[in-house]
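Chains A and B, in that order, are what the protein sequence lines are. Heads up: take any position in the first sequence, counting from 1, add 40, and you land on the numbering used here. Heads up: take any position in the second sequence, counting from 1, add 5, and you land on the numbering used here. Note that beta-carbon positions come from the ideal geometry of N, C-alpha and C, so glycine has one too. Model, not experiment: these values are computed from the prediction.
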Amino acid sequence: MRPFSYAAPATVEQAVSLLEAEGSEVLAGGTDLLSLLKDDVEQVERLVALRGIEDLSGIDASGGRLRIGSMTTLQELRDHADAMAAEPALGTAIDGVASAQLRAMGTVGGDLLQRPRCWYYRRGFGLLAQGENGRSMVTEGDNRYHAIFPEGDARFVSPSSLAPLLIALEAEATVHGPDGERRVPVEALYRTPRAEGERENTLGPGELLVEVTASVGAARSAVYEVRQRRSLDWPLMAAAVSLYGEGPLVDRARIVLGHAAPTPRLAAAAGDLLAGRELTPERIVEAAEAAVEGARPMSGNRYKIQLATVAVRRALLRAAGMEA
Amino acid sequence: MSDDAKGSGFSRRSFLRGGAAGALSSGLAAGLLPGDAAAAAAANDADGVPIAGPDPVEVELEVNGAVRRLEVEPRVTLLDGLRDVLDTTGPKKVCDRGTCGACTVLEDGQPIYACSRLLIESAGRSITTVEGLGSPEAMHEVQRAFVENDAQQCGYCTPGFVVATAALLARNPAPGEEEIEAGLGGNFCRCGTYMGIRAVVGGPGHGGGHGGGNVGG
Numbered sequence: 041m042r043p044f045s046y047a048a049p050a051t052v053e054q055a056v057s058l059l060e061a062e063g064s065e066v067l068a069g070g071t072d073l074l075s076l077l078k079d080d081v082e083q084v085e086r087l088v089a090l091r092g093i094e095d096l097s098g099i100d101a102s103g104g105r106l107r108i109g110s111m112t113t114l115q116e117l118r119d120h121a122d123a124m125a126a127e128p129a130l131g132t133a134i135d136g137v138a139s140a141q142l143r144a145m146g147t148v149g150g151d152l153l154q155r156p157r158c159w160y161y162r163r164g165f166g167l168l169a170q171g172e173n174g175r176s177m178v179t180e181g182d183n184r185y186h187a188i189f190p191e192g193d194a195r196f197v198s199p200s201s202l203a204p205l206l207i208a209l210e211a212e213a214t215v216h217g218p219d220g221e222r223r224v225p226v227e228a229l230y231r232t233p234r235a236e237g238e239r240e241n242t243l244g245p246g247e248l249l250v251e252v253t254a255s256v257g258a259a260r261s262a263v264y265e266v267r268q269r270r271s272l273d274w275p276l277m278a279a280a281v282s283l284y285g286e287g288p289l290v291d292r293a294r295i296v297l298g299h300a301a302p303t304p305r306l307a308a309a310a311g312d313l314l315a316g317r318e319l320t321p322e323r324i325v326e327a328a329e330a331a332v333e334g335a336r337p338m339s340g341n342r343y344k345i346q347l348a349t350v351a352v353r354r355a356l357l358r359a360a361g362m363e364a
Numbered sequence: 006m007s008d009d010a011k012g013s014g015f016s017r018r019s020f021l022r023g024g025a026a027g028a029l030s031s032g033l034a035a036g037l038l039p040g041d042a043a044a045a046a047a048a049n050d051a052d053g054v055p056i057a058g059p060d061p062v063e064v065e066l067e068v069n070g071a072v073r074r075l076e077v078e079p080r081v082t083l084l085d086g087l088r089d090v091l092d093t094t095g096p097k098k099v100c101d102r103g104t105c106g107a108c109t110v111l112e113d114g115q116p117i118y119a120c121s122r123l124l125i126e127s128a129g130r131s132i133t134t135v136e137g138l139g140s141p142e143a144m145h146e147v148q149r150a151f152v153e154n155d156a157q158q159c160g161y162c163t164p165g166f167v168v169a170t171a172a173l174l175a176r177n178p179a180p181g182e183e184e185i186e187a188g189l190g191g192n193f194c195r196c197g198t199y200m201g202i203r204a205v206v207g208g209p210g211h212g213g214g215h216g217g218g219n220v221g222g
């Protein structure tokens, strides 16, 4: 690792003011950032450590609302009985995170804003991975784990384990910055970079993710991940669903794919198919097919379309309590 | 150790000192703030936030029950500090990327990858390595069970596995098959001694180990 300085603010305001400086980067759980620094994929002049900011940790699950501080570790959330009772699918999502060590170190904010796993990016070729000839290294190379919904020149996938579910739950993110606080839907944290050097999130200079909040109990939700290995790996494909409404009738449904596109992908048309109708095995299949409509696979990842339909089907069955 | 000496590096107190004025009562903050000269490379910014490095800074943490102070650059990982400065070589450096688990230690009781934690982040916290669990003369029950179940071959992954196993059993004294996999999935053994390790964790009936090391019992 190259040398850097290390700042330990105790308040969100202090962190924001430190982060405004060029070359500053947030240090949350550090599980990924340290590897990126060791590999010289990322360079920083100063790390702004969030570990000492008490306001960023903690969970509150009462009155049908769930509030999770961004520095809450995945294990702390998993161990929070009220939060797990309020939204059991969160437990499924956390259990999918590789290992006990990563769950103990990794934070909710870090999971939501982690950098993509694209191996071209990890080798220092940038998020858009354009080779010297200007052509995409992804389309011309090994793209087995890449996006089936590429956007522009971006072909990496969003790796967050929690984002699809939080988006299905219509959760909000609180972002603190130099101009104060703003609240946005979790999906608005993400964007597709259009040029090399742009980030895949919408946080501006000095902005910090403070917490996520969601209504719980209003929907039946589930997460389903398709994996190659059971431990220490990312899923090949993931789906999160929330079914709103009482009884067999679904008022509306939110279906979100992870590992499919450069951002978590809300499959709005698939959700619309289920709105106002009773959930049947046939409609579940239809919704799963709709969720992959418009997919544009590359040379090595056509198989992920099938995985996406499986993930959506199984997540819907699980949410509806129809799992075999 | 005087208060002044104790407070002069990156300890938990210096974290408190950094932003304490607003968070603590003024009387307590006043006791912490003045007089505690920061170490050479640790300075405070205009807001009073402690900023360390990039030069070495003094950090204090507890390792296997003893308070240790060392001077390290902020970029030094907990693993490198333990091994290269404190000569605590139980945690092994293998992948150095938070994948293989050979560096697993406990931080305030939680299993972490020491390669993926900056040492300065552990300031004021309590670290337990495999050395801190027990000694050859007085082994921790997990260490004894590893021996009895022949749960190692080359032994390089063993310190991390022992610590991860101790953490798993502290959370869950009688884990089932899936819980064992979830608890130890962050550790690799390239020799493939997993059957012996399953026997350590799950007792007779798990894996192919021999001997009676039912640590979970």
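- Under the three-pair Cβ rule at 8 angstroms, the region 228 to 239 of chain A does not count as touching the region 327 to 335 of chain A.
- Shown here, residue 131 of chain B sits in a strand according to DSSP, grouped into three states.
- If you ignore the 5 residues before and after residue 101 of chain B, its C-beta comes within less than 7 angstroms of the C-beta of 120, all in its own chain and listed in chain order.
- Residue 295 of chain A and residue 278 of chain A do not touch by the CB rule: their CB atoms are close to 12 angstroms apart, not below 8 angstroms.
- Take residue 356 of chain A, set aside five residues on each side of it, and the residues of its chain with a beta-carbon closer than 6 angstroms to its own are 281, 324, in chain order.
- The region 141 to 153 of chain B and the region 73 to 89 of chain B do not touch, with fewer than 3 CB-CB distances between them shorter than 8 angstroms.
- The beta-carbon separation of residue 76 of chain B and residue 58 of chain B, rounded to 11 angstroms, does not stay under the 8 angstroms limit for a contact.
- For residue 184 of chain B, no CB of chain A lies under 8 angstroms from its own CB, so it is not counted at the interface with that chain.
- Under the rule that a run must span 4 or more residues, the alpha helix (DSSP H) segments found entirely inside the region 91 to 174 of chain B read 135 to 138, 146 to 153.
- DSSP lists B:74 as the bridge partner or partners of residue 65 of chain B.
- The straight-line gap separating the alpha-carbon atoms of residue 222 of chain A and residue 49 of chain A is approximately 21 angstroms.
- Residue 54 of chain B belongs to the set of residues whose beta carbon lies under 8 angstroms from a beta carbon in chain A.
- Here the alpha carbons of residue 337 of chain A and residue 124 of chain A stand approximately 36 angstroms from one another.
- Those residues of the region 261 to 274 of chain A placed with their C-beta closer than 7 angstroms to a C-beta in chain B are 270, 271, 272, ordered along the chain.
- Taken through DSSP and simplified to helix, strand or coil, residue 115 of chain A comes out as helix.
- With three or more CB-CB distances shorter than 8 angstroms, the region 68 to 84 of chain A counts as touching the region 101 to 116 of chain B.
- Judged by DSSP in its simplified three-state form, residue 178 of chain A adopts helix.
- Excluding its 5 nearest sequence neighbours in each direction, residue 164 of chain A has C-beta neighbours in its own chain below 6 angstroms: 81, listed in chain order.
- For residue 75 of chain B, the nearest beta carbon of chain A is not closer than 8 angstroms to its own beta carbon.
- For residue 122 of chain B, the closest alpha carbon among the candidates A:61, A:73, A:246, A:191 is that of A:73.
- In the DSSP annotation of this structure, the continuous segment of the beta strand (DSSP E) that includes residue 106 of chain A starts and ends at 105 to 109.
- Contact between the region 47 to 62 of chain A and the region 244 to 254 of chain A is present, with at least three C-beta pairs closer than 8 angstroms.
- Between the alpha carbons of residue 275 of chain A and residue 181 of chain A lies a gap of roughly 21 angstroms.
- A direct Cα-Cα distance of roughly 38 angstroms separates residue 133 of chain B from residue 185 of chain A.
- It is roughly 32 angstroms from the alpha-carbon of residue 321 of chain A to the alpha-carbon of residue 195 of chain A.
- Relative to the Cα of residue 124 of chain B, the nearest Cα in the group B:91, B:142, B:137, B:154 belongs to B:91.
- With a cut-off of 8 angstroms on Cβ pairs, the region 163 to 180 of chain B is not in contact with the region 106 to 114 of chain A, counting fewer than three such pairs.
- The residue from A:203, A:220, A:219, A:218 with its alpha-carbon nearest to that of residue 212 of chain A is A:203.
- Using beta-carbon distances, residue 66 of chain B does not count as an interface residue toward chain A, since no partner is under 8 angstroms.
- Using a Cβ-Cβ cut-off of 7 angstroms, residue 104 of chain B is close to 272 of chain A, given in chain order.
- The alpha-carbon separation between residue 232 of chain A and residue 190 of chain A amounts to approximately 9 angstroms.
- Here DSSP, grouped into helix, strand and coil, assigns residue 256 of chain A to coil.
- Residue 96 of chain B and residue 127 of chain B have their alpha carbons spaced roughly 16 angstroms apart.
- Closer than 8 angstroms to the CB of residue 78 of chain B there is at least one CB belonging to chain A.
- Using a CB distance cut-off of 8 angstroms, residue 58 of chain A counts as an interface residue toward chain B.
- Residue-level contact by beta carbon fails for residue 124 of chain A and chain B, as no gap is shorter than 8 angstroms.
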